[in-house]
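For reference, the structure discussed in these notes is given below.
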Amino acid sequence: MGADTTHPVGVELPKGIRPGGRGRFGPFGGQFVPETLMPALAELEYAYRAARQDPAFRQELAHILSRYVGRPTPITAAERLSEAVGAAVYLKREDLCHTGAHKINNTVGQLLLARRMGKTRVIAETGAGQHGVATATAAALLGLRAEIYMGAEDVDRQALNVYRMRLLGAEVHTVTSGSRTLKDATNEAIRDWVTNVHHTYYAIGSVVGPHPYPTMVRDFQAVIGREARRQMLALGGPPTHVVACVGGGSNAMGIFHAFRRDPVALVGVEAAGEGLHSARHAASLSAGTPGVLHGALSYLLQDADGQIRLAHSVSAGLDYPGVGPEHAHLAATGRAQYEAVTDDAALAAFHELSRLEGVIPALESAHAVAWVYSRRGHWPNGARILVNLSGRGDKDVDQVARREAAASRMGGGADA
Amino acid sequence: MPNAGGGRAAVRRLEAVFRGRQRAALMPYLTAGFPDLDSLPALLAALAVGGADAVELGIPFSDPLADGPALQAAATAALTAGFTLDGLWDVLERTLPSFPLPVVLLTYVNPILAHGTLRFVERAVACGVTGLIVPDLPWVESGPLRRLTRDRGLALVPMATPNSPERHLQRIRSGEGFVYGVSVTGVTGVRDQLAPDVLAFASRLKEAVRLPVAIGFGISTPEQAARVGTVADGVIVGSALVSAMMQDPVHAAGVATATVRALHAALDKQEGRGPE
Chain A
1 MGADTTHPVG VELPKGIRPG GRGRFGPFGG QFVPETLMPA LAELEYAYRA
51 ARQDPAFRQE LAHILSRYVG RPTPITAAER LSEAVGAAVY LKREDLCHTG
101 AHKINNTVGQ LLLARRMGKT RVIAETGAGQ HGVATATAAA LLGLRAEIYM
151 GAEDVDRQAL NVYRMRLLGA EVHTVTSGSR TLKDATNEAI RDWVTNVHHT
201 YYAIGSVVGP HPYPTMVRDF QAVIGREARR QMLALGGPPT HVVACVGGGS
251 NAMGIFHAFR RDPVALVGVE AAGEGLHSAR HAASLSAGTP GVLHGALSYL
301 LQDADGQIRL AHSVSAGLDY PGVGPEHAHL AATGRAQYEA VTDDAALAAF
351 HELSRLEGVI PALESAHAVA WVYSRRGHWP NGARILVNLS GRGDKDVDQV
401 ARREAAASRM GGGADA
Chain B
417 MPNAGGGRAA VRRLEAVFRG RQRAALMPYL TAGFPDLDSL PALLAALAVG
467 GADAVELGIP FSDPLADGPA LQAAATAALT AGFTLDGLWD VLERTLPSFP
517 LPVVLLTYVN PILAHGTLRF VERAVACGVT GLIVPDLPWV ESGPLRRLTR
567 DRGLALVPMA TPNSPERHLQ RIRSGEGFVY GVSVTGVTGV RDQLAPDVLA
617 FASRLKEAVR LPVAIGFGIS TPEQAARVGT VADGVIVGSA LVSAMMQDPV
667 HAAGVATATV RALHAALDKQ EGRGPE
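Residue numbers (the working numbering), protein chains in the order written: chain A, 1 to 416; chain B, 417 to 692.
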């Protein structure tokens, strides 16, 4: 094997493998799962390829996306924000999707596939509960039984989403192992899948996991970028920058994909938490190292022995110690750049966008806004910045209010 | 068992554990570092005294997605107690040269990558480890690691499951050491009953591959071990042993000896089985 096929951590790879072959993005991705799941992944890949090429499947998906999810979502020219940052800023309004975030694009696609495969039971992991709610919603729509794994910490912090999932008819399993958060909920969902693989479909919520999930989830989210590209042309021209937050990275891959061959800067914004040097962050690409978690080779937060470290972000949706393998590849090849934004900067942007545009962003999406805002006054002439506003912030209002009340009791001034 | 006889000889000695005896070989599993790393030499000795034929030693990992509650808890406890890979190599370097049984390491793939694949393999061989089981490295992803281990006398043990297709069984014919047959579609853990088709599964594996076949996952009691041992070349018992040790960590070595002794006695009594 030549040097060009040897990964920095010593994973030697066959030449020329691509997603669709062995599920690689450069050296990243793959299928690092127990042997029990290999037949299930093969079945899934086969079924997904067949569905993609089936006009009836595509038509049904398009129908649900337009009549139920509310697509296409609009683009808003954010005029007052543009004035504040000194460049034209456009918001792709995924916050206007049914259930309030882009997650539903993926769950509708995957659960249609699950039904087509004859699976009667769907499982999913969830952190803050957004993917859990989106899965429960699609399951209700399609008449499937959904069971959601959620870490005990998150069940406590996100009681309202737990209620929403149950209201939608899903069963919620509280995960008490490990760190009791998203990482462990994902482990538990994989253990369930290993055990019940014959009749159960595992609906992963981001562009992570073993092949074919990163490709499939990206494809289901790519509708965001396809719409946005067309809409931007109608609004006077293509963007110069496309900016999206990155936890696992599904909203970012969703908007990047259609622009991948255009002369457009792609910017992923990770959660720097309390700072990249604090050890309390979730910036796998900015500050992590290559490794395998949840079935794929990508960048991770880990110690010298390869034990996975806990992530931290004020935004539960970015609070994950890994990142999708295609992002690792885009970072390695330089096609996309990855930046990191602290909790405080994201909270400031949460306020700023609410006040300037009347749009309360999800704390996740606020990271993307914050990065754009952080460069105010330094944007080149003619910059046209497209921000993926991946979700609405109603879910975060209570948490932010409590955090600010606590900060003001401590004598700090957390308000932006 | 020291690796002094060189690469191939070490792997052949591991294969020989499963051959040429009247009963199935017994391979108990320990989580390294549970209850702490200092007690590992005494625990290994306790398994040998109880009648183990080989030992599977698990490296604790933060995210063990093939493991049930017992082995997750043991891994968490070991990591909390300060387990490190360097600490493990130190203990194994001191212990294995005079240890009479082959030792097979189980680790998830990420600690290998973090350590550096080549460095991991060389350290394991230098310590006298003769086999490696990586539950989240399926055969189709294992080529690079297999090429490194094969030249150095460390058997990278292929795994097979009840839902493995024929194609997989064909591929793993070129594996080394033994085939780890996972008796259930599921994770490790104590179960009341054996999977109903486990004997048929073991037979299917034995027909498909030339390597010895050891069966693990969900084998808990001496009766279950004896039943699987009527067909399989080896029986692996993990969660039941670790759970017993957890209930009485102060006397973990005594519990380990007693548990293994009972399993050994049941395998010795089994009937209807001839030598290979």
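Glycine is no exception: its CB is placed at the ideal position from the N, C-alpha and C atoms.
So, does the CB of Pro551 (chain B) fall closer than 9 Å to a CB anywhere in chain A?
By this cut-off, Pro551 (chain B) is an interface position.
Kindly indicate the opening and closing residues of the alpha helix (DSSP H) around Cys245 (chain A).
Looking at the DSSP string, Cys245 (chain A) is not in any alpha helix (DSSP H); the run it does join, the beta strand (DSSP E), is 241-245.
Chain A residues whose Cβ lies nearer than 7 Å to that of Gly602 (chain B):
Val194, Thr195
Near Thr533 (chain B), which residues of its chain fall below 8 Å by C-beta distance, leaving aside the five closest residues on each side in sequence?
Cβ contact annotation for Thr533 (chain B) (same chain, cutoff 8 Å, sequence separation greater than five): Pro560, Leu561, Leu564, in chain order.
Contact check, Gly268 (chain A) vs Phe259 (chain A), beta carbons under 9 Å
no
Excluding sequence positions up to five away, which residues of its chain have a Cβ less than 7 Å from the Cβ of Met661 (chain B)?
Ala668, Val671, Ala672
Find the residues of chain A that neighbour Pro628 (chain B), judging by a C-beta separation of less than 7 Å, and give them in chain order.
Under the 7 Å cutoff, chain A gives no residues; its nearest Cβ is about 18 Å from Pro628 (chain B).
Hey, how far is the Cα of Val573 (chain B) from the Cα of Ile104 (chain A)?
In this structure, the CA atom of Val573 (chain B) is about 41 Å from the CA atom of Ile104 (chain A).
Neighbourhood of Phe434 (chain B) by C-beta distance below 7 Å, restricted to the same chain and skipping five residues each side:
Ala441, Phe594, Pro628, Ala630, Asp649, Gly650
To the nearest angstrom, how far is it from the Cα of Asp396 (chain A) to the Cα of Leu363 (chain A)?
Roughly 7 Å between the two C-alpha positions.
Environment of Val666 (chain B) [buried if 16+ CB atoms lie within 10 Å]
exposed
Strictly below 8 Å CB to CB, what residues from chain A border Asp452 (chain B)?
The contacting residues do not exist; Asp452 (chain B) stays about 16 Å from chain A at best.
Given 8 Å, three or more beta-carbon pairs between the segment 134-142 of chain A and the segment 151-163 of chain A:
no
Straight-line CA distance for Val89 (chain A) to Ala62 (chain A)?
Between the C-alpha atoms of Val89 (chain A) and Ala62 (chain A) there is a straight-line separation of about 28 Å.
Report buried or exposed for Met410 (chain A), applying the criterion of at least 16 other Cβ atoms within 10 angstroms of its Cβ.
The residue in question, Met410 (chain A), is exposed, as its Cβ has fewer than 16 Cβ neighbours within 10 Å.
At the 9 Å Cβ level, is Leu285 (chain A) part of the contact set with chain B, yes or no?
no
Which residues does DSSP pair with Pro612 (chain B) in a beta bridge?
According to DSSP, which records beta bridges pairwise, Pro612 (chain B) is partnered with nothing at all.
CA-CA distance, Ala47 (chain A) and Asn106 (chain A)?
16 Å
Taking Leu285 (chain A) as the reference, which of A:Arg24, A:Phe28, A:Glu60 has the closest Cα?
A:Phe28
For Val217 (chain A), which residues in the same chain have their Cβ closer than 7 Å to its Cβ, ignoring the five residues on either side in sequence?
Asn106, Ile204, Ser206, Val207, Ser250
Secondary structure at Val606 (chain B), three-state DSSP: helix, strand or coil?
coil
Taking 9 Å as the CB-CB limit, is Trp555 (chain B) close to chain A?
yes
Three-way DSSP call (helix, strand, coil) for Phe617 (chain B) in this model
helix
Name, going along the chain, the residues of the segment 557-587 of chain B whose beta-carbon falls closer than 9 Å to a beta-carbon of chain A.
Glu557, Gly559, Pro560, Leu561, Arg563, Leu564, Pro574, Met575, Ala576, Thr577, Pro578, Asn579, Ser580, Pro581, His584
Report the partner residues of Tyr445 (chain B) according to the DSSP bridge assignment.
B:Glu472
Please state if the CB of Val162 (chain A) and the CB of Val172 (chain A) are separated by a distance shorter than 9 Å.
yes
Let's test the definition: count the other Cβ atoms within 10 Å of the Cβ of Arg439 (chain B) and tell me whether it reaches 16, buried, or not, exposed.
Classification for Arg439 (chain B): buried.
DSSP state of Ile588 (chain B) mapped onto helix, strand, coil
Helix, per DSSP.
Using a Cβ-Cβ cut-off of 9 Å, state whether Pro527 (chain B) counts as contacting chain A.
yes
Would you tell me roughly how many angstroms separate the C-alpha atoms of Val323 (chain A) and Asp502 (chain B), rounded to the nearest one?
The alpha-carbon of Val323 (chain A) is positioned some 28 Å away from that of Asp502 (chain B).
Chain A contact residues for Thr701 (chain B), given Cβ-Cβ distances below 7 Å:
The first residue shown for chain B is 417 and the last is 692, placing residue 701 (chain B) beyond what the model contains.
In three-state DSSP terms, what is Phe28 (chain A)?
strand
Contact set for Ala272 (chain A): own chain, Cβ-Cβ below 6 Å, skip 5 residues either direction
His281, Ala283, Ala340, Val341, Thr342
In three-state terms, what does DSSP make of Pro290 (chain A)?
strand
Could you have a look at Ala78 (chain A) and say whether DSSP puts it in helix, strand or coil?
In the structure shown, Ala78 (chain A) falls within a coil segment according to DSSP collapsed to helix, strand and coil.
If we cut at 9 Å on Cβ distances, does Gln663 (chain B) have a partner in chain A?
no
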